[in-house]
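Just so you know, the protein sequences line up as chains A and B, in that order. Throughout the first sequence, residue numbering follows the working numbering, covering 57 to 581 in sequence. Throughout the second sequence, residue numbering follows the working numbering, covering 3 to 285 in sequence. Even for Gly, the Cβ is constructed at its ideal location relative to N, Cα and C. Quantities reported herein were computed from a predicted structural model and do not represent experimental measurements.
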Amino acid sequence: MRDGSFNILIGGEAGQGLATIGDFLSKAFGRCVYSLVTTSAYESRVRGGHSTVALRVSVEEVASPNESFDLLVALNPESVKLHRQDLSAQGLIILDEAFEVDDEACIRVPFKELAKGKFSNIAAVGVVGFLLGLEEQALLRVLEDFFSRKNPQLARENQEALTKAFRWASELPPSFHRTLPPISDPPSRLIINGNQAIALGALSAGVKFSSFYPMSPATSIPLELIDKGKQMGLIVEQAEDEIAAVNMAIGASFAGAPSMVATSGGGFALMVEAVSLAAASETPLVIVVAQRPGPATGLPTRTEQADLEFVLHAGHGEFPRAIFAPGTIEECFHLTRKAFELAERYQGPMFLLTDQFLADSYRAVKPFDLKSISPVQAPSEVSALSTPYRRYAVTDSGVSPRLLPGRSEHLVVADSHEHTENGHITEDPSVRKLMVEKRLRKLKAIRADAIPPQTDGDVNPELLLVSWGSSKGAVSEAAARMRSKGRAVATLHFSQVWPLVEEQFTEALKEAGEVVCVEANARQV
Amino acid sequence: MVTVDDYGTYQTAWCPGCGNFPILKAVKQALVASALMPHQVLLVSGIGQAAKAPHYINANIFNGLHGRALPVATGSKLANPELTVVVESGDGCIYAEGGNHLLAAIRRNVDLTLLVHNNQVYGLTKGQASPTSEGDFVTKAQPRGVTSYPFNAVAVAVAMQAGFVARGFSGMIDHLQTLIQQAIAHHGFSLVDILQPCVSFNKMNTFAWYKQRCQDLPSDYDPTDFEAAMKVAREWEERIPVGLIYRNERTAFEDRFPALDRGPLVGQEVDLEKLKETMEEYR
Numbered sequence: 057m058r059d060g061s062f063n064i065l066i067g068g069e070a071g072q073g074l075a076t077i078g079d080f081l082s083k084a085f086g087r088c089v090y091s092l093v094t095t096s097a098y099e100s101r102v103r104g105g106h107s108t109v110a111l112r113v114s115v116e117e118v119a120s121p122n123e124s125f126d127l128l129v130a131l132n133p134e135s136v137k138l139h140r141q142d143l144s145a146q147g148l149i150i151l152d153e154a155f156e157v158d159d160e161a162c163i164r165v166p167f168k169e170l171a172k173g174k175f176s177n178i179a180a181v182g183v184v185g186f187l188l189g190l191e192e193q194a195l196l197r198v199l200e201d202f203f204s205r206k207n208p209q210l211a212r213e214n215q216e217a218l219t220k221a222f223r224w225a226s227e228l229p230p231s232f233h234r235t236l237p238p239i240s241d242p243p244s245r246l247i248i249n250g251n252q253a254i255a256l257g258a259l260s261a262g263v264k265f266s267s268f269y270p271m272s273p274a275t276s277i278p279l280e281l282i283d284k285g286k287q288m289g290l291i292v293e294q295a296e297d298e299i300a301a302v303n304m305a306i307g308a309s310f311a312g313a314p315s316m317v318a319t320s321g322g323g324f325a326l327m328v329e330a331v332s333l334a335a336a337s338e339t340p341l342v343i344v345v346a347q348r349p350g351p352a353t354g355l356p357t358r359t360e361q362a363d364l365e366f367v368l369h370a371g372h373g374e375f376p377r378a379i380f381a382p383g384t385i386e387e388c389f390h391l392t393r394k395a396f397e398l399a400e401r402y403q404g405p406m407f408l409l410t411d412q413f414l415a416d417s418y419r420a421v422k423p424f425d426l427k428s429i430s431p432v433q434a435p436s437e438v439s440a441l442s443t444p445y446r447r448y449a450v451t452d453s454g455v456s457p458r459l460l461p462g463r464s465e466h467l468v469v470a471d472s473h474e475h476t477e478n479g480h481i482t483e484d485p486s487v488r489k490l491m492v493e494k495r496l497r498k499l500k501a502i503r504a505d506a507i508p509p510q511t512d513g514d515v516n517p518e519l520l521l522v523s524w525g526s527s528k529g530a531v532s533e534a535a536a537r538m539r540s541k542g543r544a545v546a547t548l549h550f551s552q553v554w555p556l557v558e559e560q561f562t563e564a565l566k567e568a569g570e571v572v573c574v575e576a577n578a579r580q581v
Numbered sequence: 003m004v005t006v007d008d009y010g011t012y013q014t015a016w017c018p019g020c021g022n023f024p025i026l027k028a029v030k031q032a033l034v035a036s037a038l039m040p041h042q043v044l045l046v047s048g049i050g051q052a053a054k055a056p057h058y059i060n061a062n063i064f065n066g067l068h069g070r071a072l073p074v075a076t077g078s079k080l081a082n083p084e085l086t087v088v089v090e091s092g093d094g095c096i097y098a099e100g101g102n103h104l105l106a107a108i109r110r111n112v113d114l115t116l117l118v119h120n121n122q123v124y125g126l127t128k129g130q131a132s133p134t135s136e137g138d139f140v141t142k143a144q145p146r147g148v149t150s151y152p153f154n155a156v157a158v159a160v161a162m163q164a165g166f167v168a169r170g171f172s173g174m175i176d177h178l179q180t181l182i183q184q185a186i187a188h189h190g191f192s193l194v195d196i197l198q199p200c201v202s203f204n205k206m207n208t209f210a211w212y213k214q215r216c217q218d219l220p221s222d223y224d225p226t227d228f229e230a231a232m233k234v235a236r237e238w239e240e241r242i243p244v245g246l247i248y249r250n251e252r253t254a255f256e257d258r259f260p261a262l263d264r265g266p267l268v269g270q271e272v273d274l275e276k277l278k279e280t281m282e283e284y285r
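Here it is as C-alpha cells:
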C-alpha cells in the first residue's frame with residue numbers, strides 16, 4: 057500500500073467468474089465509500105485465455121488504475137507466473153491449496169472444502185473481504201442483491217461459501233491482515249462504469265430510440281438502455297448491420313424520438329455515410345464511438361485512443377459537428393446529455409468519443425443530480441411559422457425551425473440532396489451557396505458552446521502534459537506525483553476535442569517549458 | 003374530403019414515357035382512396051430515378067441515401083406509429099444496395115408499404131444491369147450480357163412469408179392502385195414489386211414486352227395458400243402473374259413494444275422520477 061491506495065488483481069481464465077469477484081468487491085468497497093477504480097482486461101473469447109480484473113481502492117480520491125498491486129487473487133497457477141513480478145514487497149497471493157505454486161506470499165485456500173468446488177469466486181471474496189477489514193454483514197448484503205431475486209437456492213449456497221470463507225480467513229495470522237483505514241460519515245456512492253453512465257446520461261436527456269449492431273466495447277450501452285430503460289418509454293433495436301442502425305436512428309429522430317447509436321471504430325466506419333446524411337438532412341443524432349485498437353479488427357477487447365482523426369473527419373462534404381471525449385464517469389453522464397442538447401439545438405450529428413478503458417472501468421461516484429436537469433425538447437408546433445412551412449428556411453443562426461412529420465398539418469420535407477428551403481432537390485448554384493453557408497453558420501454557435509480545456513497545476517510550468525478523454529485521471533495523478541517531487545508541472549486536458557477555440561489554450565502552451573501530449577496511441581499528434 | 007389535388011402536381015426529372023408516371027398517379031389515387039391526408043403520410047425513399055417520386059407528391063418526405071430507405075422508414079414508424087409510412091424506390095436501391103435491409107424488413111414485419119419501381123435496369127447512372135436484369139441483357143457495363151442470375155424479390159418475399167406480397171404493372175394503373183391501397187391497409191410489412199418499362203435504357207423489357215406477359219391472377223386465387231403463392235411468384239417466362247400473390251396476418255413489429263402502448267414515442271414525457279429509482283440499482 058504505497059500512495060494510500062490498495063491494489064487488487066484477480067487473474068484467471070474467461071468463464072471462471074472473475075468479473076463477479078470484481079463487481080462484488082467493487083460494490084462492497086463502494087458501499088463503504090472508498091474511492092475506487094476497477095478496470096478489466098480480457099481476450100476476445102468466451103472461455104479460456106487469460107483475463108484480469110484490477111481494483112484500486114483508496115481513502116483518497118483515485119482516478120486511474122495502478123500497474124503494481126498488493127493482493128493477487130490467482131484463479132489459476134498461470135496468473136501467478138504472469139503477475140508475480142508486479143506484486144508489491146508485502147504483497148499476498150490468494151490461491152487454491154491444490155495449485156502447485158511455491159511462493160511464500162501465498163495464502164492457500166481450501167476452496168474445495170469451503171465452496172464445494174463450485175463457488176470458489178464467492179469464497180475468494182470472503183477471504184479478501186476479511187483480510188481488508190470489510191464487515192461480514194456488508195458482504196452478505198451485497199450478495200443478497202446479486203443473487204436473491206434471481207435464484208434463492210443459488211443465493212443460499214453462495215452465502216454459505218462466503219460465510220465459511222470469511223470465517224476461515226479470520227483464523228489466519230494477523231500478519232496477513234491488510235485492514236483498510238475506516239471512513240467516517242460515508243456519503244453514498246454508485247458503482248458504475250463509463251458505458252452505464254453514458255446510458256444513464258442518455259436516459260436523463262430523454263433518449264427514445266437507439267439501434268445498434270453488437271460490437272465491443274460499445275455493446276453494453278444499448279444493453280444498459282434495454283435494462284434500465286424498461287420503465288422509460290424507449291425502443292432499442294438490434295439492427296441487421298451498423299448501416300441500418302444509424303439510418304434507423306436518423307429515421308426515428310426525424311419523426312421526433314431523440315436517438316443515439318453506439319459502436320466502435322469498425323462499426324462506425326460503416327456508419328460514416330449516414331453521418332453525412334444526418335448533417336445534410338439536419339437531423340439530430342448522437343453517436344458514441346467507444347474506441348478499441350485498430351486497424352481493421354485490431355484487438356477487439358483492448359483499449360486505444362487512435363480514432364480521433366477518424367471521427368473528426370468522418371463524413372463526406374462540409375458540415376459542423378462537436379466531439380466530446382469524457383475523462384471521468386461523471387463526464388460520461390454529463391457530456392452525453394450535452395451531446396443530446398447540441399444535437400437537438402443544432403440539428404445534426406454530435407459525437408462522444410470514449411474507449412474500452414473508460415467504457416469498462418467502474419468507479420464509485422456520487423449519484424447524479426437529476427433535480428437540476430431537464431430532458432431535451434423535441435420541437436412542438438410553432439404557431440408563428442410562416443406558411444407554407446419550409447424545413448430548411450435560411451436563418452441568421454443557420455438553424456431552421458424543425459417540425460415533426462405527422463404532428464401538425466405542416467408537411468416536413470427532408471432531403472439528402474442539396475435542397476431548396478422547402479426540402480426539394482435543387483441544382484441551382486445560388487441555392488447551393490445559401491445552404492452550404494446556412495449549415496456552416498451553425499458552427500459559430502457550436503464553437504461558442506465549446507467546453508474550454510481544463511488547466512491544472514503550476515503557472516509557467518517546466519512541463520505541460522496535454523491529454524484528452526480517458527487519460528485524464530492517469531495524467532493528473534502523474535502530474536501530482538511529479539509536483540510532490542518538486543517539479544513544476546501542469547496539465548491541459550480536453551474533454552471536448554472539437555471544435556477547438558484557440559484562445560482557450562494557446563497561452564498555456566506558450567507559457568510551458570516542455571509540452572508533452574499523452575495519448576494512448578503510437579503517433580505524435 | 004381529400005382529393006388527388008391535395009397531393010399536388012409537380013414538374014418531374016423523368017423521361018417522357020417513363021413508367022414512373024403511371025406509378026406516381028396510382029400512388030396518389032391510392033392515398034386518396036385510403037382517405038389519408040397528406041400530413042398523415044410519410045414517404046421515404048433512397049436514390050435513383052424512382053426515389054425522386056416522393057418529391058412529386060405533396061406529403062411528408064424523407065429522401066435519404068441509396069439503399070437505406072427501409073431502415074429510415076423503420077425508425078420513423080417506430081417513433082410515430084400513427085404515420086402511414088410508404089417507401090418508394092427502385093430495384094437498384096432496394097434489391098442491390100439495400101438487399102440486407104429488405105430481408106431484415108420482411109423479418110421485422112414493421113407496418114410499412116414498400117413500393118419497388120422495378121424496370122430491370124439502372125436509369126439514373128445510365129443503363130447498367132440491376133439485380134433483376136436478365137441474362138441476354140447487354141449493357142456497356144455488361145458487354146457479354148448479364149452474368150449473374152436475376153433476383154426474384156417476390157419469390158424471396160413469399161419464401162420468407164412476408165406479410166403482404168404483390169406484383170403490379172405500371173401499364174395496369176387501376177389494378178396497381180388497388181394493390182397499393184391494399185398494401186397500405188395491411189397491418190404489417192407489404193411489398194409491391196411494380197414492373198415498369200425504362201424507355202431510355204431497357205430496350206429488352208419494353209412496355210409491349212410486359213403488356214404481353216402481365217396477367218391478373220384469377221378471381222378464385224387464394225393468396226393465403228403458401229404453396230400456390232410460391233409457384234405463382236416464380237412464373238416469369240410466358241406469363242407474369244400480377245396481383246396480390248401472398249398474404250398472412252403475422253404480428254406487426256411495433257405491436258410487440260410495450261413502450262408504444264402509451265402512444266407514439268414522440269409524445270411521451272420523460273419520467274425522471276423513474277430514472278432516479280433506476281439509478282438506485284447501481285448502489
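Chain-order list of chain B residues neighbouring Phe310 of chain A: Phe64 and Ser78, by C-beta distance under 7 Å. Counting along the chain, the unbroken beta strand (DSSP E) around Trp524 of chain A starts and ends at Leu519 to Trp524. Chain B has a Cβ within less than 8 Å of the Cβ of His466 of chain A. Taking a Cβ-Cβ cut-off of 9 Å, Pro340 of chain A has no neighbours in chain B, whose nearest Cβ is about 12 Å from it. At a cut-off of 8 Å between C-beta atoms, Ala81 of chain B counts as an interface residue with respect to chain A.
Beta-bridge partners assigned by DSSP to Phe62 of chain A: A:Val113. Apart from the 5 residues on each side of it in sequence, Ala449 of chain A sits with its Cβ closer than 7 Å to the Cβ of Ser456, Pro457 and Glu477 in its chain, given in chain order. The C-alpha of Ser532 of chain A lies about 29 Å from the C-alpha of Leu74 of chain A. Between Glu117 of chain A and Ser82 of chain A, the gap from beta carbon to beta carbon reaches 8 Å or more. Ala180 of chain A has its alpha-carbon roughly 11 Å from the corresponding atom of Leu128 of chain A.
Inclusion of Ser332 of chain A and Gly285 of chain A in the CB contact set at 8 Å is not warranted, their separation being larger than that value. Secondary structure remark: continuous alpha helix (DSSP H) runs of at least 4 residues inside the region 62 to 92 of chain A, in chain order: 74 to 87. Residues of chain B whose Cβ lies closer than 7 Å to the Cβ of Asp297 of chain A are, in chain order, Asn102.
Excluding the 5 residues flanking it on each side, Asn60 of chain B has same chain C-beta neighbours closer than 6 Å at Tyr9, Gly10 and Pro40, in chain order.
Contacts with chain A at 8 Å (Cβ-Cβ) include Met281 of chain B. For Gln42 of chain B, the closest Cβ of chain A is nearer than 8 Å. Taken through DSSP and simplified to helix, strand or coil, Pro40 of chain B comes out as helix. A distance below 7 Å between beta-carbons, with the five flanking residues on each side excluded, links Phe153 of chain B to the following residues of its chain, in chain order: Tyr97, Pro133 and Thr134. Annotation: Cβ neighbours of Val74 of chain B in chain A (cutoff 8 Å, chain order): Asn303, Met304, Ile306, Gly307 and Phe310. Counting only runs of 3+ residues, the beta strand (DSSP E) found wholly inside the region 359 to 431 of chain A occupies 378 to 380, 405 to 411 and 418 to 421, in chain order. Interface residue (Cβ-Cβ distance to chain B less than 8 Å): Phe424 of chain A is classified as such. In terms of Cβ geometry, Val93 of chain A and Leu236 of chain A do not form a close pair [threshold 8 Å]. Residue-level contact check: Arg285 of chain B touches chain A, since one or more beta carbons of chain A fall below 8 Å from its beta carbon.
Taking C-beta separations shorter than 8 Å and ignoring five residues to either side along the sequence, the partners of Pro133 of chain A in its chain run Leu151, Phe155, Glu156 and Val157, following chain order. Within 7 Å of the CB of His480 of chain A, the CB atoms of chain B belong to His57, in sequence order along the chain.
With a 10 Å radius around the Cβ and a threshold of 16 neighbouring Cβ atoms, Ser486 of chain A comes out exposed. By the Cβ neighbour-count rule, Gln433 of chain A is exposed, with fewer than 16 other Cβ atoms within 10 Å of its own.
Judged by DSSP in its simplified three-state form, Pro260 of chain B adopts helix. Its chain contains Thr108 as the residues whose beta carbon lies nearer than 6 Å to that of Ala97 of chain A, once the 5 sequence neighbours on both sides are disregarded; these appear in chain order. Within the same chain, Cβ atoms closer than 6 Å to the Cβ of Thr95 of chain A are found at Ala110, Pro121 and Ser417, the five residues on either side in sequence being excluded. Within a 10 Å sphere around the beta-carbon of Gln252 of chain A sit 16 or more other beta-carbons, which makes this residue buried.
Comparing alpha-carbon positions, the option among A:Ala535, A:Gln510, A:Trp524 and A:Ala530 lying closest to Pro517 of chain A turns out to be A:Ala535. Per DSSP, the continuous beta strand (DSSP E) segment holding Gln146 of chain A begins and ends at Leu143 to Asp152. Per DSSP, the continuous alpha helix (DSSP H) segment holding His103 of chain B begins and ends at Gly101 to Arg110. Just measuring C-alpha positions, the residue of A:Pro351, A:Thr219, A:Lys394 and A:Glu69 sitting nearest Ser430 of chain A is A:Lys394. In the DSSP annotation of this structure, the continuous segment of the alpha helix (DSSP H) that includes Tyr212 of chain B starts and ends at Phe209 to Arg215.
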